[in-house]
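Some notes on the structure that comes next.
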Amino acid sequence: MGPLIPLNDISEEINLLVAFLIGIGFGFSLEQAGFSSSRKLAGMFYGYDTTVLKVFFTAAITAMIGLTLFNELGMIDMSIVYVNDYFVRSAIIGGIIMGAGFIIGGFCPGTSACAAAIGKIDAMYFLLGSLIGIFIFGQTFPIWEELYMADHMGPVKISDTLGVKDGVMVLIVIIVATLMFWLGEKAEKRFKREDITKEI
Amino acid sequence: MKRPYLKLLGLIIVLMLAGLVFTSLKTRNKYRFKKPAEELHSELIKSNHFLSPQKALEIINQKDGKYLFIDIRNPREYDNFHVEGAINIPLPQILDDQYASLFKNDKIKVLYSNESIKADEAWLLLTQYGYENLLVLQGGANYWKNNVISKNVFDRKGDYDDEKLKFDISKIKSAR
Amino acid sequence: MSTRVILTIVFISFGLIAAILPEKDYSSQELDAKQLLHEIQVENYMISADEIAEALINEDPEYQLIDVRSEEEFKQYSLPGAINIPFEKLFDEESLAYIDQIARKNVFYSNGTTKASEAWMLAKQKGFQNNYILRGGLNNWYKTIIEPNEPASADDVEAYYEYQARLGAKQFFTGQGAAQSSGAKKKARAPIKRKKKKMVAGGCS
Amino acid sequence: MNPYLAGLMLGVVLLAAFYITGRGLGASGAMKSVVVSSVAAVSRDYAESSHYYSKYIADGKNPMKSWLVFEMLGVLVGGFISGAISGRLKFKIEKSPKITNRKRIILAVIGGILFGFGSQLGRGCTSGAALSGMAVLSLAGYVTLMAIFGTGFAMAYFFRKNWI
Numbered sequence: 001m002g003p004l005i006p007l008n009d010i011s012e013e014i015n016l017l018v019a020f021l022i023g024i025g026f027g028f029s030l031e032q033a034g035f036s037s038s039r040k041l042a043g044m045f046y047g048y049d050t051t052v053l054k055v056f057f058t059a060a061i062t063a064m065i066g067l068t069l070f071n072e073l074g075m076i077d078m079s080i081v082y083v084n085d086y087f088v089r090s091a092i093i094g095g096i097i098m099g100a101g102f103i104i105g106g107f108c109p110g111t112s113a114c115a116a117a118i119g120k121i122d123a124m125y126f127l128l129g130s131l132i133g134i135f136i137f138g139q140t141f142p143i144w145e146e147l148y149m150a151d152h153m154g155p156v157k158i159s160d161t162l163g164v165k166d167g168v169m170v171l172i173v174i175i176v177a178t179l180m181f182w183l184g185e186k187a188e189k190r191f192k193r194e195d196i197t198k199e200i
Numbered sequence: 001m002k003r004p005y006l007k008l009l010g011l012i013i014v015l016m017l018a019g020l021v022f023t024s025l026k027t028r029n030k031y032r033f034k035k036p037a038e039e040l041h042s043e044l045i046k047s048n049h050f051l052s053p054q055k056a057l058e059i060i061n062q063k064d065g066k067y068l069f070i071d072i073r074n075p076r077e078y079d080n081f082h083v084e085g086a087i088n089i090p091l092p093q094i095l096d097d098q099y100a101s102l103f104k105n106d107k108i109k110v111l112y113s114n115e116s117i118k119a120d121e122a123w124l125l126l127t128q129y130g131y132e133n134l135l136v137l138q139g140g141a142n143y144w145k146n147n148v149i150s151k152n153v154f155d156r157k158g159d160y161d162d163e164k165l166k167f168d169i170s171k172i173k174s175a176r
Numbered sequence: 001m002s003t004r005v006i007l008t009i010v011f012i013s014f015g016l017i018a019a020i021l022p023e024k025d026y027s028s029q030e031l032d033a034k035q036l037l038h039e040i041q042v043e044n045y046m047i048s049a050d051e052i053a054e055a056l057i058n059e060d061p062e063y064q065l066i067d068v069r070s071e072e073e074f075k076q077y078s079l080p081g082a083i084n085i086p087f088e089k090l091f092d093e094e095s096l097a098y099i100d101q102i103a104r105k106n107v108f109y110s111n112g113t114t115k116a117s118e119a120w121m122l123a124k125q126k127g128f129q130n131n132y133i134l135r136g137g138l139n140n141w142y143k144t145i146i147e148p149n150e151p152a153s154a155d156d157v158e159a160y161y162e163y164q165a166r167l168g169a170k171q172f173f174t175g176q177g178a179a180q181s182s183g184a185k186k187k188a189r190a191p192i193k194r195k196k197k198k199m200v201a202g203g204c205s
Numbered sequence: 001m002n003p004y005l006a007g008l009m010l011g012v013v014l015l016a017a018f019y020i021t022g023r024g025l026g027a028s029g030a031m032k033s034v035v036v037s038s039v040a041a042v043s044r045d046y047a048e049s050s051h052y053y054s055k056y057i058a059d060g061k062n063p064m065k066s067w068l069v070f071e072m073l074g075v076l077v078g079g080f081i082s083g084a085i086s087g088r089l090k091f092k093i094e095k096s097p098k099i100t101n102r103k104r105i106i107l108a109v110i111g112g113i114l115f116g117f118g119s120q121l122g123r124g125c126t127s128g129a130a131l132s133g134m135a136v137l138s139l140a141g142y143v144t145l146m147a148i149f150g151t152g153f154a155m156a157y158f159f160r161k162n163w164i
């Protein structure tokens, strides 16, 4: 029964080795998806390339379905799987700042590491920038502390908030996502930019 | 006989076989409890399954071969410190087949964990599962390390007993 | 057919399956030794003194405290609202009405943890649900709620809030400074609301 | 590669992460470890006295020996392997022809600063909070996702010259 590591008292070294191997898979998938290109990522916001939407939701849904089935087969104990703590204000404000960073810089931390690995110089500067950003946050933490800790809701699930079963929530997400895939492909046709898509 | 019937027959036979295999798998659950809860409950009321550190030290000093100390913590904790002569069976593996014969032998097995809580739970689990001759070391490895080994003194008050009340009730001015 | 259409069909059919499948509930199964072993490894049944204090202050009807010590001990001191089911009477007819039900969360407690956990293990073996244990029992209740220690360093924000909540709870339970009790009530709302006992670190922290 | 296939692959990796470790993927946490250990290397006393850094180096913990740091090392290796296979290994600055290299770099640094800051405030980035959170139906994950992409769309117009 999973999750394997927390339930089986596995040593730190193996845990870190697993982290490294999963990281390789993560980096490989990101790069294969084309996330090493900032213009491809930014294409999401201009409609000429909606790869981000497709990859993101396909991945989340695959994992979601997998977890649901594993849970049903008794292969994983969902009560120990990490669910992010929800702090209302910091999640929203943090998200807004990240959104601004995304459109200005063209990467997010994971994709910038991946792009830096294949030699994108802008990605390396983005990485440097995020280190500075984290440093600034660390230095000014007392200012943000109250905001950072405000409105703690605990590890809430969206299905609890909406009052539906987890399985139904999975179906809702899938339907919404498939509609977005359809819209995304329509947008790609409408806002086509051959000059950019050919280059990236 | 026409072929569709044959197919149907084959299907029924296969289904029955599968059903048989399935039910036999279900009934032969080797992990089912062998001792009913009520029986264990009355045993718990009647007898004491705890071993005090004093008694444990006597056993170890006399090198009494009747007893076997079992450390149910993880191997790292065991390597770090363990009671003299104890063997290590981490809690997750306690029901594994490889230890079945060990639990079935005549020795008196003394379980211990960091305190006595996990060891006591393991004691109940193993007893429910049908093993016998088990005891729990009171205070566990922490008490053993901090009091028995380092100071070689026992506080006579019996603080190793998890169920001893360790505060003065009169200090709580209950609001009720 | 495009990849999107295939994927849509596959995803929606899986989604339908997920929606139809009943919610998995581990506790409703009849347990065997292996499953009980899993339960005691995961420790979802341990409830902290902080959580109980918060529930008592807020008069949360979800919890029913059950004192498994003897009647004399119960009379000397017990937690507010607790009922007494001495360990010896665990399987009595009238006790079963309490411990074999699905409406409320029973929280067993004793002086320490072992007696309560023995009661819990027996109830679990019978397949009863909704039973929990107060971690550390009354001894730990006294240490954390009645005589809380100030956190060693002010760095840990969560520990600080926890301490504040405990001070509020102390006032509530000992009746010291009863005049401030409404203020204490407010203060005592512990910010920690963890459902899970065994936490996996995750996200980006 | 077909984005849907790549998404499936990423989903399988994510699922494996959940199955093996009980946690999802993450990225910004690794960078935080780098920052914390740099600060601690310059002045350990300062780091220990800070509200923010101290919890990562308490009890002689080494922030670099964390799950996410090793995962991110894997990402670098994985990205490199993939780039090598697909023949994309090349030093270059990617940008719209309408802007200069210098401007692109400055914007990348500014974007990075914002993202780094936001990821700390929001407790995770697109991978740790949004992607992993979505898979376990975490409300925080969906809220963060909507905040990131909502802002992205809202500000897209003002930065169009950088990209198209």
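Residue numbers (our numbering), protein chains in the order written: chain P, 1 to 200; chain X, 1 to 176; chain R, 1 to 205; chain S, 1 to 164.
Note that beta-carbon positions come from the ideal geometry of N, C-alpha and C, so glycine has one too.
Boundaries of the beta strand (DSSP E) around M153/P: 152-154. Proximity to F191/P across M98/P, Y48/P, Y86/P, A59/P peaks at Y48/P, based on C-alpha coordinates. For Y109/R, the enclosing beta strand (DSSP E) starts and ends at 105-109. For V136/X, there is no enclosing alpha helix (DSSP H); the enclosing beta strand (DSSP E) covers residues 134-137. In this structure, the CA atom of I133/R is about 35 Å from the CA atom of A19/P. What E145/P touches in chain R, judged by beta-carbon distance under 9 Å, is V157, going in chain order. Considering only M1/S, G26/S, A6/S, the residue with the shortest C-alpha distance to Q120/S is G26/S.
Residue environment for G81/R: exposed (fewer than 16 other C-beta atoms within 10 angstroms of its C-beta). The region 9-26 of chain S makes no contact with the region 90-107 of chain S: fewer than 3 CB pairs, one atom from each, lie closer than 8 Å. Chain P has a Cβ within less than 8 Å of the Cβ of E71/S. In the assembly as shown, Q76/R is an exposed residue. Its beta-carbon has fewer than 16 other beta-carbons within 10 Å. For L122/R, no CB of chain S lies under 8 Å from its own CB, so it is not counted at the interface with that chain. For K109/X, the enclosing beta strand (DSSP E) stretches over residues 108-112.
For L131/S against D166/P, the beta-carbon gap comes to about 18 Å, at or over 8 Å, which does not count as contact.
Inter-residue distance for I24/P and D122/P is about 22 Å (C-alpha atoms, whole angstroms).
For I57/R, the enclosing alpha helix (DSSP H) has its first and last residue at 49-57.
Taking the CA atoms as reference points, I57/S sits about 25 Å from L76/S. Per the C-alpha coordinates, the member of D161/X, D97/X, N147/X positioned closest to V83/X is N147/X.
Not flagged as an interface residue toward chain X: Q129/R, since no C-beta distance is shorter than 8 Å. For the 8 Å CB-CB criterion, D106/X and N133/X form a contact. For a Cβ distance threshold of 7 Å, residue set Y4 of chain S lies close to L7/R, ordered along the chain. Any Cβ of chain P closer than 8 Å to the Cβ of A40/S would place that residue at the interface, and such an atom is absent. Between V173/P and A119/X, the alpha-carbon positions lie close to 45 Å from each other. Within the region 40-113 of chain S, the runs of alpha helix (DSSP H) at least 4 residues long that lie entirely inside it are, in chain order, 44-49, 54-57, 67-85. For S52/X, not one C-beta of chain R is nearer than 8 Å to its own C-beta.
If the five residues before and after M1/P are omitted, its C-beta is found closer than 8 Å to the C-beta atoms of L7, G74, M75, I76, D77, all from its own chain and listed in chain order.
Inter-residue distance for F149/S and M155/S is about 10 Å (C-alpha atoms, whole angstroms). For the region 43-58 of chain S, the set of residues with a beta-carbon nearer than 7 Å to any beta-carbon of chain R comprises H51, S54, K55, in chain order.
Secondary structure of F33/X (DSSP, three-state): coil. The region 92-100 of chain R and the region 43-52 of chain R do not touch, with fewer than three beta-carbon pairs separated by less than 8 Å. L65/R: member of the beta strand (DSSP E) spanning 63-67, first to last residue. For the region 69-85 of chain P, residues whose beta-carbon sits nearer than 9 Å to a beta-carbon of chain S comprise F70, M75, I76, D77, M78, I80, V81, Y82, V83, N84, D85. For the 8 Å CB-CB criterion, L125/X and A119/R do not form a contact. About 11 Å separates the beta carbons of G112/S and M98/P, which is beyond the 8 Å limit, so they are not a contact pair. Bridge partners of K120/P according to DSSP: K92/S.
Scanning chain R for C-beta atoms nearer than 8 Å to the C-beta of R32/X yields D32, A33, reported in chain order.
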